[in-house]
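**Q** First the structure, then my questions, so here it is.
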Amino acid sequence: MITWIKSGELVDPVQGVVEKADLIIERGKISKILPPGVFEDREHRLRVIDASGRLVIPGLVDMHVHLREPGHEYKETIETGGRAAVAGGVTALACMPNTIPPNDSRSVTEFVLEQSKRANLARVYPIAAITMGQKGETLTEFGDLKEAGAVAVSDDGFPVVNSEVMRRALEYANHQGLVVISHSEDISLSSAGMMHEGVVSTRIGLPGIPAASEEIMIFREISLARLTGCPVHIAHVSTAGSVELIRRAKDDRIPVTAETAPHYFSLDHNAVMGYDTNAKVKPPLRTKDDVFAIKKGLAEGVIDVIASDHAPHSPLEKELEFDKAAFGMIGLQTTLPLTLQLVREGILKLGEAIRKLSYNPASILEVSGGRLVEGVQADLALIDPEYEYILKKEDILSKSKNSPFIGKALRGRNEMTMVGGKIVWERNKAHSGR
Ligand code: DOR
Ligand code: ZN
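What follows is the structure, encoded as structure tokens:
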């Protein structure tokens, strides 16, 4: 079947162009991009998708997602996470290894890929653990894991405490062509903390996690990247000090890339005031000054990527006293509207915003995606950037509903998602997958 996506506003984040165009999709790929009015379907044999009033963007490549399979399928499965992903305009995602058992072996990597194939929704790229059992001691078999399909290594959820282990991880991963993703946290400083250490934690009497807990570890990762010449990617950057460290490292041409999540530029520690456990996340929501610095870091190219850090938890872990609740919030369906807000605020141009959501993470992981040009896979989303709505629990397709944005006004939403030329999600319609 040939598909004609007609009269949409096309966004190619690499050229930074936004222009009206028609897209022709054949055998899963974009075969032609034409100015509107040129193409005709004389025999009426094509499937025509009217995209007028929509932006056509490359599908989001979300490089930081927790799918809870294997082990915690009551929170999320590869299938339910995949549905939430495609509903949010995400056509590819990389999933973190902190499952039960952790993804520290070829068999778990293969299992994740097998389940993803079965779900047939977004493309799923497994991230394997750096160390066996994510214990920070013995490196996993990077070569074996890469061969099985892992695209990166990370002990996300936990830091690699031992610097020598991290040094060897950077060298070994570089040799295997894998990027190391750092969960930067000095646990001796964050240990009992539940939220950002500052005026709000003092006022409401919760133990804090200082900004230094993150910054010390980012400084270490940068030092190790300088020492070894091997690349490191810093996950979920949340503080002004972290942005400065990364800025200086980039100025010094140290091979470091960085990511933040929408909650770090959309919320600050005041969101914890009412003891809402959905605002309990690691790293924690920081101050207004930090939020400002994260936005500046995005605008100036210090932060390359926006990823959701989608971390589903059930009421069993969230409807509890604040100190007993788990860290994390879902994000697959809110990344797009929250990022579009940065465009409306004038912080990012539309093309830059989409680039941080798609092309940049795809390049870091060396996977396809992030472009709308002739010849590439048709992984794309049709979005209505101005649609205003209140996020409702029923809108959430993830098995877990732990979002602090429920009940909040959002603007911009996805209307249709295509992976490899097949429609995998469309508003108000049921789909069985690719
Ligand atoms: O808040 C968080 N939740 N931070 C992490 O690093 C891990 C994640 C999870 O897996 O729930
Ligand atoms: Zn993390």
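Be aware that the sequence shown starts at 632, since it is given in our numbering, and climbs by one per residue. Note that CB positions come from ideal geometry on N, CA and C, so glycine has one too.
Would you mind stating whether S1029 and G712 have Cβ atoms separated by less than 9 Å?
**A** Numbered from its first residue, the sequence shown carries residue 1029 at position 398. Numbered from its first residue, the sequence shown carries residue 712 at position 81. Yes, the Cβ-Cβ distance between S1029 and G712 is below 9 Å.
**Q** In the DSSP output, which residue or residues are listed as bridge partners for H864?
**A** For this step, residue 864 is matched to residue 233 along the sequence shown. DSSP output for H864 lists I812, T888 as bridge partner(s).
**Q** Return the chain-ordered list of same chain residues with a C-beta closer than 8 Å to the C-beta of M848, the five sequence neighbours on each side being excluded.
**A** Start at 1 with the first residue of the sequence shown, and residue 848 comes out as number 217. Result list for M848: P790, S813, S815, E816, D817, in chain order.
**Q** Say yes only if the C-beta of D940 is nearer than 8 Å to one or more non-hydrogen atoms of the ligand DOR, and no if none qualify.
**A** Translated into positions along the sequence shown, residue 940 becomes position 309. Yes - the ligand DOR has a heavy atom lying nearer than 8 Å to the Cβ of D940.
**Q** Name the residue from F670, G719, S832 whose alpha carbon lies nearest to the alpha carbon of K911.
**A** Taking the sequence shown and counting its residues from 1, the one referred to as residue 911 is at position 280. Nearest C-alpha to K911: S832.
**Q** Check whether the region 922-931 and the region 996-1007 touch, using three or more Cβ-Cβ pairs below 8 Å as the test.
**A** No, because fewer than three Cβ pairs between the region 922-931 and the region 996-1007 fall closer than 8 Å, the two stretches do not touch.
**Q** Can you give the beta carbon distance from T740 to A759, rounded, assuming they're within the 8 Å contact cut?
**A** As a first step, residue 740 is located in the sequence shown; it is residue number 109 there, counting from the start. As a first step, residue 759 is located in the sequence shown; it is residue number 128 there, counting from the start. Going by Cβ atoms, the distance from T740 to A759 rounds to 6 Å, so yes, they are a contact pair.
**Q** Answer yes or no: do A783 and Y756 have a C-beta to C-beta separation smaller than 9 Å?
**A** Taking the sequence shown and counting its residues from 1, the one referred to as residue 783 is at position 152. Taking the sequence shown and counting its residues from 1, the one referred to as residue 756 is at position 125. Cβ atoms of A783 and Y756: closer than 9 Å.
**Q** Using 8 Å as the cut-off, classify the Cβ of K955 as near or not near the heavy atoms of the ligand DOR, replying yes or no.
**A** Counted from its first residue, the sequence shown places residue 955 at position 324. No, Cβ of K955 sits at least 8 Å from all heavy atoms of the ligand DOR.
**Q** In this structure, how does DSSP classify R799 when only helix, strand and coil are distinguished?
**A** Taking the first residue of the sequence shown as position 1, residue 799 is located at position 168. Of the three classes helix, strand and coil, the one that applies to R799 here is helix, per DSSP.
**Q** For E1106, which residues from the same chain have a beta carbon less than 6 Å from its beta carbon, with the 5 sequence-adjacent residues on both sides left out?
**A** Given a span of 632 to 1065 for the chain in the structure shown, any question on residue 1106 remains unanswerable.
**Q** Flag G959 as yes when its Cβ comes closer than 8 Å to any non-hydrogen atom of the ligand DOR, and as no otherwise.
**A** Taking the sequence shown and counting its residues from 1, the one referred to as residue 959 is at position 328. For the ligand DOR, at least one heavy atom lies less than 8 Å from the Cβ of G959.
**Q** Which runs of the alpha helix (DSSP H) fall wholly inside the region 896-970 and span at least 4 residues, in chain order?
**A** You should have 919-930, 946-949.
**Q** Quick one: what's got a C-beta closer than 6 Å to Y895's C-beta in the same chain, skipping five residues either side?
**A** Locating residue 895 in the sequence shown gives position 264, where the first residue counts as 1. Contacts found: S869, I925.
**Q** Please list the segments of the beta strand (DSSP E) lying wholly inside the region 992-1049, counting only runs of 3 or more residues, in order along the chain.
**A** Entirely contained in the region 992-1049, the beta strand (DSSP E) runs reaching 3 residues are, in chain order, 1011-1021.
**Q** Can you name, in chain order, every residue of its own chain whose Cβ lies under 7 Å from the Cβ of V721, other than the five neighbours on each side?
**A** Numbered from 1 along the sequence shown, position 90 holds the residue referred to as residue 721. Excluding residues within five positions, the ones whose Cβ falls inside 7 Å are G690, L691, D693, A753, L963.
**Q** Indicate the three-state DSSP secondary structure (helix, strand or coil) for P790 in the structure shown.
**A** As a working note, residue 790 is residue 159 in the sequence shown. Three-state result, P790: coil.
**Q** Between N1033 and I961, is the Cβ-Cβ spacing less than 9 Å?
**A** In the sequence shown, counting from the first residue as 1, residue 1033 sits at position 402. In the sequence shown, counting from the first residue as 1, residue 961 sits at position 330. For N1033 and I961, yes; Cβs fall inside 9 Å.
**Q** Put M1077 into one of helix, strand or coil per three-state DSSP.
**A** Here the chain has residues from 632 to 1065 only, and residue 1077 is not among them.
**Q** Output needed for I937: all residues of its chain with C-beta closer than 8 Å, excluding positions within five of it in sequence on either side, in chain order.
**A** Your numbering for residue 937 matches position 306 in the sequence shown. Result list for I937: E890, T891, A892, P893, L929, T966, T970, A984, K987, L988, in chain order.
**Q** Taking the CB atoms as reference points, tell me whether G659 and K651 lie closer together than 9 Å.
**A** As a working note, residue 659 is residue 28 in the sequence shown. As a working note, residue 651 is residue 20 in the sequence shown. Not a contact, by the Cβ cut-off of 9 Å.
**Q** Return helix, strand or coil for D681, following the three-state DSSP convention.
**A** Here residue 681 refers to the residue found at position 50 of the sequence shown. The answer is strand: DSSP assigns D681 an E or B state.
**Q** What residue range does the beta strand (DSSP E) around D735 cover?
**A** Stepping through the sequence shown from its first residue, residue 735 is reached at position 104. It is not in any beta strand (DSSP E) - D735 carries neither H nor E in the DSSP assignment.
**Q** From G647, L916, I661, V649, pick the residue whose C-alpha is nearest to that of W635; which is it?
**A** Position 4 of the sequence shown, counted from the start, is the residue given in the question as residue 635. Out of G647, L916, I661, V649, I661 has the C-alpha closest to the C-alpha of W635.
**Q** Who are D653's beta bridge partners in DSSP?
**A** The residue given as residue 653 occupies position 22 in the sequence shown. DSSP lists L665 as partners of D653.
**Q** Does DSSP put A856 in a helix, a strand or coil?
**A** In the sequence shown, the residue the question calls residue 856 occupies position 225. In the structure shown, A856 sits in a helix (DSSP, three-state: H, G or I).
**Q** If you run the structure through DSSP and keep just helix, strand and coil, what is H703?
**A** Within the sequence shown, residue 703 is the residue found at index 72, counting from 1. DSSP places H703 in coil when its eight states are reduced to three.
**Q** Could you check the C-alpha separation between A723 and P841 for me, to the nearest Å?
**A** Taking the sequence shown and counting its residues from 1, one reaches residue 723 at position 92. Taking the sequence shown and counting its residues from 1, one reaches residue 841 at position 210. Using only the alpha carbons, I get a separation of about 33 Å.
**Q** I need the straight-line Cα distance from M904 to I835, nearest angstrom please.
**A** Along the sequence shown, read from residue 1 onward, the residue named residue 904 stands at position 273. Along the sequence shown, read from residue 1 onward, the residue named residue 835 stands at position 204. For M904 and I835, the distance between alpha carbons rounds to 7 Å.
**Q** How far does the alpha helix (DSSP H) with V775 in it extend, from its first residue to its last?
**A** To locate residue 775, count along the sequence shown from 1; it is residue 144. Looking at the sequence itself, residue 775 is Asp, so the reference to Val does not match. 773-779 is the span of the alpha helix (DSSP H), which, as asked, contains D775.
**Q** For chain D, check one thing: does any of its Cβ atoms lie closer than 9 Å to the Cβ of D786?
**A** Looking for chain D here will not work: only one protein chain is present.
**Q** Select from R917, R878, L837 the residue whose C-alpha is nearest the C-alpha of Y906.
**A** Position 275 of the sequence shown, counting from 1, holds the residue named residue 906. Closest by alpha carbon: L837.
**Q** Give a yes or no on whether the C-beta atoms belonging to E845 and S873 are separated by under 9 Å.
**A** To locate residue 845, count along the sequence shown from 1; it is residue 214. To locate residue 873, count along the sequence shown from 1; it is residue 242. Taking 9 Å as the Cβ cut-off, E845 and S873 qualify as a contacting pair.
**Q** Please name the residue, chosen from G860, L947, Y1018, A902, that lies closest to R975 on a Cα-to-Cα basis.
**A** By one-based count along the sequence shown, residue 975 stands at place 344. The shortest Cα separation from R975 among G860, L947, Y1018, A902 belongs to Y1018.
**Q** Given a cut-off of 9 Å on the beta-carbon distance, is the pair I709 and R678 in contact?
**A** Here residue 709 refers to the residue found at position 78 of the sequence shown. Here residue 678 refers to the residue found at position 47 of the sequence shown. No, they are not a contact pair.
**Q** Hey, would you say P992 sits closer than 9 Å to G1043, going by beta carbons?
**A** Residue numbering aside, residue 992 sits at position 361 when the sequence shown is read from its first letter. Residue numbering aside, residue 1043 sits at position 412 when the sequence shown is read from its first letter. Contact: no.
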